[in-house]
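Notes to accompany the following structure.
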Amino acid sequence: ATNKTLDELKAAHVMQRLWTHDQTLWPAVELPNRDRLGWLHSIDILSDSAGRLQTFVQGVLADGFTNVLLIGPQSTCLTAELFHKTFGKPAQLSILPFPYLTLAVAGITDLDPAYSLGAEYDLANTLFIVDAQSGSEDAAMAGFEHFYWQVADVLGSEQAGQSFVAITAHDGPFAATAAHYGFRERFFTDPLINGRFTALSYSGLLPAALVGVDVHKLLERAAGMAANSDSCTGRHLFSNQAAHLGAIMGTLAIAGRNKVTLLNSLALNSLSAWIAHLLSASLGQSGKGIMPIFAEAIAAPRAYRDDRLFVHLRLAGDKTQDTAVADLAAAGHPVVTLKLQDLYDVGGQFFLWQTATAVAGHILNINPFAQHPVSMARMYAL
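Here you go:
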């Protein structure tokens with residue numbers, strides 16, 4: 008069935024149309040900017056900015072900052088937490104000094120828990136990133152104002168702005184706010200990228216750099232996957248990993264296997280959470296969409312109904328789940344294994360899953376760039 012779907016994708020020139028931003032691949036929806044495919048090209052653009060990010064981080068460290076608090080939408084917070092938990096201080100030996108920043112996040116839809124962070128942090132040594140994306144500027148402004156005045160009480164209003172960084176549209180209202188208050192830096196976003204597709208933009212890469220990720224290396228891995236996903240025609244479509252994964256998800260969802268169950272090596276827990284959010288927010292429309300499941304213990308094959316697609320995110324050398332995954336496949340459950348040679352392959356996984364989500368949306372006749380409500384409870388649901 009999947010091969011038939013790939014033949015149909017080839018006949019309809021879906022991958023070529025995707026790379027040329029053909030919005031007719033999905034149902035029309037009302038969006039501030041209907042074209043949301045800028046993420047296809049962000050790797051090339053941001054590769055030229057890796058040096059800028061490195062220089063920025065060096066300056067922040069030289070000025071004595073030890074903590075960073077990201078104020079932004081849920082998708083940005085999930086990406087930042089992924090980098091923090093996978094590469095940052097929690098992933099390092101506690102007996103060794105950590106030369107980068109310790110990260111915390113504050114989701115702009117519920118800032119109350121974050122307001123207590125001011126009492127826990129040394130505000131004089133805390134850098135604040137305000138990710139004010141289109142449509143969320145008011146909420147981002149509320150978070151900024153709360154922390155700005157706390158910092159101003161400690162450092163004075165003339166110096167307080169140097170503790171803040173903006174990620175926003177160059178012509179948006181928050182860009183002017185950042186300039187007015189003398190922010191340390193402003194990183195301008197691509198208006199053709201929406202929140203949950205921003206992992207390989209400044210929204211993802213700035214927090215990554217601050218917690219010690221080699222951004223250039225991460226983007227190299229992403230570029231490798233993008234080169235594979237750019238295979239648009241002929242027999243190459245069958246070796247296109249993103250097209251293949253999207254075809255599998257879409258085809259099996261139509262057949263009733265709409266519960267994409269993520270199994271992963273322990274070090275990839277945060278990647279599974281990120282993927283689950285992407286799928287649920289993009290393809291989780293009631294009645295015909297995909298329901299991702301993660302952080303679930305693997306059961307015996309007979310415990311599952313015929314509604315599952317298992318995806319095994321396997322880090323090289325980790326054999327922990329191999330037997331259980333093989334048992335699932337032997338029992339007739341569909342299993343996809345994605346192999347990561349090391350943690351930096353997360354960069355490629357970002358691009359793989361974003362592209363596969365776009366392909367699956369086409370197959371399911373769902374616009375993956377529309378705004379769908381999503382909750383973590385829904386992603387855990389069985």
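Each residue of the sequence shown is one higher than the one before, starting from 8 at the first, in this note's numbering.
All residues carry an ideal CB built from backbone N, CA and C; glycine is no exception.
- Short of 6 Å from the beta carbon of His177, and not among the five residues preceding or following it, lie these beta carbons of its own chain, in chain order: Phe195.
- Bounds of the alpha helix (DSSP H) holding Lys17 are Thr9 to Ala18.
- Between the alpha carbons of Phe105 and Asp313 lies a distance of about 47 Å.
- The way I'd put it, the segment 101 to 116 does touch the segment 80 to 88; three or more beta-carbon pairs between them come closer than 8 Å.
- By DSSP's assignment, Met298 forms a beta bridge with Lys266.
- Partner residues in the beta bridge of Leu320, as assigned by DSSP, are Asn271 and Leu345.
- For Phe357, no beta strand (DSSP E) segment is defined; the enclosing uninterrupted segment is the alpha helix (DSSP H) at Val353 to Leu371.
- Looking only at Asp29, Trp26, Val21 and Leu47, the smallest Cα-Cα distance to Gly355 is reached by Leu47.
- Separation of the CB atoms of Ile255 and Thr9 is rounded to 5 Å, and the pair is thereby assigned contact status at 8 Å.
- Annotation for Val158: Leu130, Ala167 and Ser170 place their beta carbon closer than 6 Å to its own, counting only its chain and skipping 5 residues before and after.
- By the criterion of a C-beta distance shorter than 7 Å, Val112 is surrounded in its chain by Leu77, Cys84, Ala87 and Glu88, once the five residues flanking it on both sides are discounted.
- For Thr133, the enclosing beta strand (DSSP E) stretches over residues Thr133 to Ala139.
- By the Cβ criterion, the segment 294 to 301 is not in contact with the segment 326 to 342, since fewer than three pairs of Cβ atoms, one from each stretch, lie closer than 8 Å.
- The beta-carbon distance between Phe94 and Leu350, rounded to whole angstroms, is 7 Å. This is short enough to meet the 8 Å contact definition.
- A check of alpha carbon separations from Leu199 across Asp352, Phe376 and Asn74 identifies Phe376 as the nearest.
- Looking only at Leu345, Ser49 and Asp334, the smallest Cα-Cα distance to Asp325 is reached by Leu345.
- Residues of the same chain with a CB within less than 6 Å of the CB of Thr268, apart from the 5 flanking positions on each side, are Ile300, Arg315 and Phe317 in chain order.
- If you look at Ile174, you'll find it in the beta strand (DSSP E) that goes Phe171 to Thr175.
- Of the candidates Glu152, Leu286, Gly263 and Thr205, the residue whose Cα lies closest to the Cα of Pro341 is Gly263.
- Asn74 is bridged by DSSP to Thr109 and Thr133.
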